[in-house]
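Worksheet: the structure to be examined is printed underneath.
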Amino acid sequence: MLETDKLFAGSIPENYDRYMVPLIFEPFAADLAQRAASFTPNAVLEVAAGTGVVTRAMAPKLSPDASYVVTDLNQPMLDYAASRQAPDSRIHWRQADAMALPFEDAAFDLVCCQFGAMFFPNRPSAYREARRVLKPGGHFVFNVWDHIEENVFADDVTNALARIFPNDPPRFLARTPHGYHDTTLIRSELEEAGFSGVAIETRAEQSRAPSPRVPAVAYCQGTVLRTEIEARDPGKLDAATDYAASAIAARHGSGAVAAKIQAHVIVAVA
């Protein structure tokens, strides 16, 4: 992962929430929130919360006396998440680095993280921090994307941009969001961090959009892929987005489109 892969700023948070969240994140957020709530936690920590799609799904499922601390490394993403959340005295927003959590040992019953582990520069370190802040027997519930070929629109966009920039193809999607899909490695890193009872389930969903342009805009302008495109040619963002949309249309049709998305869902015990 490159250092720039973590920079979700400028217009990216708004476009991310407007386009990416309904396109690929909402079904997995509902799943993660349901799994987490099944453990009836009273003290919950969310790391790498992004624009708050899990927070919005999780909060209604927690007890009235629960405490819910929501964190992200990127303050702009956290600010946007807070702006989308209804007032709730149980929720506390805090900027935090998953590899150096500013919380006491054994402070939480559950730690959750939706599609954030791929961005951790040192995942075993982040996992050790998650275990440190969990009470004995507490649960770490998170998910990561499977290989990019199992996530069709992301693969379509990546291949389209490689044709536009053949000498220096933008590889953010394959490199980082879809770069941590080896379940054997995931299990071993969790066990190295001291977790036990690691359960990994591979789950497929459908990504749906009213037109091919929606996934093209979502990926090209709602992720760090935008930064990569503009770094190669500052004036080519709209043209690149249009080309990605045409590639999706060529494969999936010009009307409403749907394609497979797939992720690994992990539950580990502290």
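At position 41 of the sequence shown (counting the first as 1) the number is 41 in full-length UniProt numbering, and the numbers step up by one without a gap. The beta carbon of each residue, even a glycine, is placed where N, CA and C say it ideally should be.
Option in GLU14, ALA130, PRO234, THR176 with minimal Cα separation from ASP97: ALA130
Within 8 Å, strictly: CB atoms of GLY116 and ALA48: It is a contact, given that the beta carbons lie within the stated cut-off.
DSSP beta-bridge partners for ILE266? PHE142, ILE200, per the DSSP bridge assignment.
Residue nearest to PRO64 in terms of C-alpha spacing, selected from ARG90, ALA270, VAL70: ARG90
DSSP three-state call for SER83: helix, strand or coil? helix
Selection from PRO166, ILE248, GLY255 that minimises the alpha carbon distance to ARG232: PRO166
With a 10 Å radius around its C-beta and 16 neighbouring C-beta atoms as the bar for buried, classify residue 336 as buried or exposed. Given that the chain is displayed from residue 1 to residue 270, the structure contains no residue 336 and the question cannot be resolved.
Does the beta-carbon of ASN122 have 16 or more other beta-carbons within 10 angstroms, so that it is buried, or is it exposed? exposed
Close Cβ partners of TYR243 (< 7 Å) along its chain, the five nearest in sequence each way excluded: Apart from the 5 residues on each side of it in sequence, TYR243 sits with its Cβ closer than 7 Å to the Cβ of ALA160, ILE164 in its chain, given in chain order.
How about TYR68 and ALA59: do their beta carbons lie closer than 8 Å? Going by beta carbons, TYR68 and ALA59 fall inside the 8 Å limit.
Assess, as a yes-or-no matter, whether the stretch 218–236 is touched by the stretch 134–152 under the definition of 3 or more beta carbon pairs within less than 8 Å. no
On the DSSP bridge list, what partners appear for residue 297? Look at the range of the chain in this structure, 1 to 270, and you will see that residue 297 is not part of it.
Which residue wins for smallest C-alpha separation from ASP72, given the options ALA43, ALA250, PRO102, VAL257? PRO102
Helix, strand or coil for LYS135, going by three-state DSSP, please let me know. strand
Taking the alpha-carbon of PRO13 as reference, which of GLU192, LEU45, TYR219, ALA259 has the nearest alpha-carbon? Here the closest residue by C-alpha is TYR219.
Inter-residue Cα distance where the pair is LEU190 and SER196: 8 Å
Look at VAL54 and GLN95 and say whether their C-beta atoms are less than 8 Å apart. no
Residue nearest to ASN74 in terms of C-alpha spacing, selected from SER254, VAL224, ALA249: With respect to the C-alpha of ASN74, the residue from SER254, VAL224, ALA249 having the closest C-alpha is VAL224.
So, are the CB atoms of HIS139 and HIS264 less than 8 Å apart? no
Sort VAL111, ARG213, GLY235 by Cα distance to ARG251 and report the nearest one. Comparing Cα positions, the closest option is ARG213.
Unbroken alpha helix (DSSP H) run spanning ILE148, endpoints: Run containing ILE148: none; DSSP gives neither H nor E here.
In whole angstroms, what is the alpha-carbon distance linking ALA193 and VAL269? 11 Å
N- and C-terminal bounds of the alpha helix (DSSP H) containing TYR243: 237–252
For THR176: DSSP bridge partner residues: Bridge partners of THR176 according to DSSP: none are assigned.
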